[in-house]
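Reviewing the structure listed below.
Residue numbers (this note's numbering): 64 to 313.
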């Protein structure tokens, strides 16, 4: 039997390297996946594909015959062991898809493209975050709505809102982001995400200062555990973590 390998990455234990890592780590929030998809739908595994029951985002008419084509089960690093399919037969699942001209929609590239109830403990939370994202206003009201959501109690909505502020280049939100991150009662993950948004928006000095505050308030060891990061054995200045390219963030 083959072994399943989890790719990892290493980086220096310093604010700039942390912020680069957190930027990469949070590029696949629910909202970021919605922004990349033509169609976000709920459905059920049928014969290796997903039979769509509800379209949450996008035009339902773009779901060719009500089906999203799922990729075949992948194999491990040496090709000897087939892994489980992305959606089991009759399993309820959420899919973020792109529409093709020559066939049914297919999942977007990257982690979190398909979220099944058997493999994810937070399917309903991600569905709720998609519904929130689909209802966001456009135009001048959008930034205010994103900032309001950044103070929400739902982690998937908070992470999606903060990442959207960064990805949409909303530099006018910089002061509000700093205030969110440095509030005395700010949870450490929210503070980290707000600091990351500052970093992506180009407020690099402020981002590093804010992240230092978050780490000091949280405690270095706890902060690392929150993000699944640990020291490389024998080298306290080098950190190791799962490669963000393979880990969805919700």
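A virtual CB, placed ideally from N, CA and C, is assigned to each residue, including glycine.
Considered as a whole, the segment 121–198 harbours 186–197 as its complete alpha helix (DSSP H) runs of no fewer than 4 residues, in chain order. A straight-line Cα-Cα distance of about 16 Å links residue 136 and residue 107. For the 8 Å CB-CB criterion, residue 98 and residue 131 do not form a contact.
Annotated three-state conformation of residue 72 is strand, per DSSP. Under DSSP, residue 107 takes part in a beta bridge, and its partners are 114 and 155. Selection 307, 206 and 223 evaluated against residue 195 yields 223 as nearest (Cα-Cα). Its chain contains 205 and 208 as the residues whose beta carbon lies nearer than 7 Å to that of residue 199, once the 5 sequence neighbours on both sides are disregarded; these appear in chain order. Only residues of its own chain outside the window of five on either side were considered, and among them 304 and 305 have a CB closer than 7 Å to the CB of residue 291, listed in chain order. Beyond the five residues adjoining it in sequence on each side, residue 295 comes within less than 8 Å, by CB distance, of 73, 301, 302 and 303 in the same chain, given in chain order. Beta-bridge analysis with DSSP links residue 287 to no other residue.
DSSP lists 303 as the beta-bridge partner residues of residue 293. DSSP places residue 264 outside both helix and strand once states are collapsed to three, so it counts as coil. With a cutoff of 8 Å on beta-carbon distance, residue 270 and residue 261 are scored as near each other. Contact check for residue 162 against residue 101 passes: the beta carbons are separated by less than 8 Å. The criterion of a C-beta distance shorter than 8 Å is not satisfied by residue 187 and residue 154.
Just measuring C-alpha positions, the residue of 117, 309 and 251 sitting nearest residue 190 is 117.
By the C-beta density criterion, residue 96 is buried, having at least 16 other C-beta atoms within 10 angstroms. In this structure, residue 237 lies near residue 264, with their beta-carbon atoms less than 8 Å apart. Per DSSP, the continuous alpha helix (DSSP H) segment holding residue 88 begins and ends at 78–88. Distance from the Cα of residue 148 is smallest, within the candidate group 115, 129, 120 and 109, for 109.
Residue 245: member of the alpha helix (DSSP H) spanning 237–245, first to last residue.
With respect to residue 244, residue 273 sits close: the two C-beta atoms are nearer than 8 Å. Put simply, the backbone Cα of residue 284 is about 29 Å away from that of residue 212.
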